[in-house]
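Numbering (the working numbering), first residue to last: -9 to 115.
Here's what the structure looks like:
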């Protein structure tokens, strides 16, 4: 779940992006996996969903490299776009994923992350 104020907007990277709506100091915890807000989805469940539902999950969920489960952020965190030079980074502590600000981020700046930090399937775009 996001732990800072954010807003959605048009991204220069891809479609809709997630933007800071407050000043974020370098090192600030901006997101953490929160059971009940963020959803763990197994392949068994995916196979029971309609095509439209499966397409939604494929677009917005990520395949967690630690658990090999799909994770769907139900808040706007799912709109954070990929960058090889991100202003945020993810780490695992005791098998819980946390996302921090890599640098200080001004309001209105798009929040970006390297998907390869947490995504099982490598991203090369």
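C-beta atoms are modelled at their ideal positions from N, C-alpha and C, and glycine is treated no differently.
Annotation for residue 39: 47 place their beta carbon closer than 8 Å to its own, counting only its chain and skipping 5 residues before and after. As far as DSSP is concerned, residue 26 takes part in no beta bridge. In the three-state scheme derived from DSSP, where H, G and I count as helix and E and B as strand, residue 84 is classed as coil. Segment contact: the stretch 4 to 12 against the stretch 23 to 43, fewer than three CB-CB distances shorter than 8 Å; contact not assigned. Here residue 91 is bridged, per DSSP, to 78.
Bridge pairing for residue 31: 60 [DSSP]. In this structure, the CA atom of residue -9 is about 9 Å from the CA atom of residue 66.
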